[in-house]
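Some notes on the structure that comes next.
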Amino acid sequence: MVESIFFMLAKTMPFHLFAYVPFWNHLRFPKRVTAVFLILEQLLYLGLFLLLTHIGVSIAQAQFVAIPIYGTCFFYFVKMHWGKVAFLYIFTTDYLMVIAGIVTYLGKLPGSFGVDSWQAGALILLLFFLTLPFMLRYICKTAELVFSIDAPTIWNTIWLLPLFTSIIVLLFTYPVTETNPRTLFARILLMLCMFLIYYHILMIIHQIQKQAAAEEQARSLEHLIQVQAGQYALLHSQMEETRRARHDLRQHWAALRGCMESGDLDALADYITHYGASLPADSGRTFCKNFAVDSVLNFYAEKADALGIPMEISFQMDRQTLIPEPEFCVLLGNLLENALDACSGMEKNPEASVRSGTEKNPKASVRSGAEGNRKHVSGRECFIRVKARQNGNSMLSLAVDNTSPQAPVMEGEQIRSSKHDGFGMGTLSVRLIVKRYHGDARFQWKDGVFYASVMLNP
Numbered sequence: 123m124v125e126s127i128f129f130m131l132a133k134t135m136p137f138h139l140f141a142y143v144p145f146w147n148h149l150r151f152p153k154r155v156t157a158v159f160l161i162l163e164q165l166l167y168l169g170l171f172l173l174l175t176h177i178g179v180s181i182a183q184a185q186f187v188a189i190p191i192y193g194t195c196f197f198y199f200v201k202m203h204w205g206k207v208a209f210l211y212i213f214t215t216d217y218l219m220v221i222a223g224i225v226t227y228l229g230k231l232p233g234s235f236g237v238d239s240w241q242a243g244a245l246i247l248l249l250f251f252l253t254l255p256f257m258l259r260y261i262c263k264t265a266e267l268v269f270s271i272d273a274p275t276i277w278n279t280i281w282l283l284p285l286f287t288s289i290i291v292l293l294f295t296y297p298v299t300e301t302n303p304r305t306l307f308a309r310i311l312l313m314l315c316m317f318l319i320y321y322h323i324l325m326i327i328h329q330i331q332k333q334a335a336a337e338e339q340a341r342s343l344e345h346l347i348q349v350q351a352g353q354y355a356l357l358h359s360q361m362e363e364t365r366r367a368r369h370d371l372r373q374h375w376a377a378l379r380g381c382m383e384s385g386d387l388d389a390l391a392d393y394i395t396h397y398g399a400s401l402p403a404d405s406g407r408t409f410c411k412n413f414a415v416d417s418v419l420n421f422y423a424e425k426a427d428a429l430g431i432p433m434e435i436s437f438q439m440d441r442q443t444l445i446p447e448p449e450f451c452v453l454l455g456n457l458l459e460n461a462l463d464a465c466s467g468m469e470k471n472p473e474a475s476v477r478s479g480t481e482k483n484p485k486a487s488v489r490s491g492a493e494g495n496r497k498h499v500s501g502r503e504c505f506i507r508v509k510a511r512q513n514g515n516s517m518l519s520l521a522v523d524n525t526s527p528q529a530p531v532m533e534g535e536q537i538r539s540s541k542h543d544g545f546g547m548g549t550l551s552v553r554l555i556v557k558r559y560h561g562d563a564r565f566q567w568k569d570g571v572f573y574a575s576v577m578l579n580p
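The opening residue of the sequence shown carries number 123 in our numbering; numbering runs sequentially from there.
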C-alpha cells in the first residue's frame, strides 16, 4: 500500500504544483494561505484514495478521484477568467499523459518493474525533473500570451480546442502496450505537435490584437493632431485679432482724446458705449496647464457647446503629464469622444451651458452660446462631467461621467460598439494604455449614467 501511495503522489502532486507556476501572481488568496490549502487538499486526496482502495476499488480507478479534487481547487484558487485557466491546465494534463505513457510502456517490458511500483514512481519524478526546464519555459511563455489577450468571447470557447485534441490523442493511443511502441511515439509526437500549434495560435491572436490596438492608437493620434491643429489655428487667429486691435487702438485713442479736448462728455460716453458693444465676447477658456491636454478639452467642450450638451470640467493636473503626453491625450480623447457620442443623439430642450473649472478656480463657469438647445434624456438633463485630480508625481485619477439612454452591452471587460458590429476600440485603447502604466480602468452604467474611471499609477 505504501508503494502505491508513493506512486500516486509521484504521478499527481508534481504536475499539479507545476500547474500553479504561471498563476503564482494571480491567486485568490495570499501565497502562504494557498500553500496551507494545498497541503489540506493533498491530505484529502490521500484519505479518499486509501478509503477507495480499502473497500476494493482498484488503484487504476481510485486515482481518478484526483481529477475533481485537484481540478475544483485549482479553478477556485486561481483568480482569472476560467477559460484562460482551463486552457493552460489542459497543457499540464497533457504533460502528465506523456510522462505517464512513457513510464507505463517501460513498466510493461519483460523483466521490468510494475506500472505502480517504487521504480515507476521514481522514474516519473526523474522524467519530470529532466523535462521541467523546457516545460517551465514553454508554459511561462504561453502564459504570457494568454494573459496579454483580453478577449473573453475567445476564452469562452478556445479552451475546447486543446481539450478535444487531447481526448482524440488519448483515444487513439490508449492503452500503451509493450508490444506496440508506435502508440507511445504517436502520443509523444501528437502532444508536441499540439503544443506548437496552440502556441502559434496564441501568437497570431496576440499579434492581431496588437495590430488592432496600434491602428486604434494611430487613428486617435491622427484625431489628436487635428484637434491640436484646430487649436493652433484658433490661437493664430486670436494673435492676428490682437495685432489688429493694437493697430485700431491708436484710432480709438485719437477719437477719445478729441472728445475729451472738446469737452463733449455726451459724445465721449456714446462712443465708449458703442465701442464696448462692438467688442467680441471673451470665449477663451483654460482648463489645464498642459497646452496639449487643454487643446483636447477645449476641442470637445466646443463640440459639446455646439450640440447644446452641458459639460463641466474640473482638471487639477500639473503641466507635465504622468505618462507620455500623446498617450494621455489619446486616452482622454477616447473617453470624451465616447461621452459625446452617447449624448449627441438625445432630444433637444431649452438652454445649455458649459462650466469650466481650472486649477485656480474649479467652480468658475463659462456660459455657452447655445441657448435654447439643452438636451434631456428620460426626464433627466443631459450632461458630461470631466474630473481629474493629480496626487503628487505618482498618481492621477480621471473620471468622465455622462448620461446614456441605454446600458451598453458588456461581455466580460469589453464593451460592444454602438457604431458597428464589434467591440468598441476606444475603450479597448483606454484599457491598453492604462494597463501599460500599471493603472486601472473601470466602466459602469447605472440609472441612465455611464461612469468611466481611470487611475494612473506609473
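Glycine included, every Cβ here is placed at the ideal spot set by N, Cα and C.
Ranked by Cα distance from residue 160, the first of 199, 148, 186 is 199. Per DSSP, reduced to three states, the secondary structure at residue 423 is helical. The shortest CA-to-CA distance from residue 129 to any of 168, 325, 148, 563 is the one to 168.
Looking only at 317, 453, 325, the smallest Cα-Cα distance to residue 271 is reached by 325.
Membership of residue 573 in the beta strand (DSSP E) is indicated by the continuous run 571-578.
Taking one beta carbon from each stretch, the segment 131-148 and the segment 195-213 have 3 or more pairs nearer than 8 Å; the two touch. Assigned with DSSP and collapsed to three states, residue 564 falls in strand. The segment 186-203 makes no contact with the segment 291-306; the number of CB pairs closer than 8 Å stays below 3.
Looking at the DSSP output, residue 437 sits in a beta bridge with 510.
By the Cβ neighbour-count rule, residue 396 is exposed, with fewer than 16 other Cβ atoms within 10 Å of its own. Judged by DSSP secondary structure, residue 525 falls within the beta strand (DSSP E) whose first and last residues are 517-525.
In this structure, residue 519 and residue 511 form a Cβ contact; the two beta carbons are roughly 5 Å apart against a cut-off of 8 Å.
Take residue 188, set aside five residues on each side of it, and the residues of its chain with a beta-carbon closer than 6 Å to its own are 134, 167, in chain order. In this structure, the CA atom of residue 415 is about 10 Å from the CA atom of residue 421. Contact annotation, residue 575 with residue 564: C-beta distance approximately 5 Å; criterion of less than 8 Å satisfied.
Ranked by Cα distance from residue 439, the first of 514, 171, 226 is 514. With 16 or more neighbouring CB atoms inside 10 Å of its own CB, residue 412 falls in the buried class.
With contacts defined as CB atoms closer than 9 Å, residue 225 and residue 252 fail to qualify as a contacting pair. Taking a cut-off of 8 Å for Cβ pairs, the segment 216-236 and the segment 287-296 touch, as three or more such pairs fall below it.
Note that the C-beta distance between residue 426 and residue 523 is not below 9 Å. Burial is judged here by how many other beta carbons sit within 10 angstroms of a residue's own beta carbon; residue 333 has fewer than 16 and is exposed. Taking a C-beta distance under 9 Å as the contact criterion, residue 391 and residue 409 do not qualify as a contact pair.
Residue 555 and residue 453 have their C-alpha atoms roughly 7 Å apart. Collapsing the DSSP output to three states places residue 149 in a strand.
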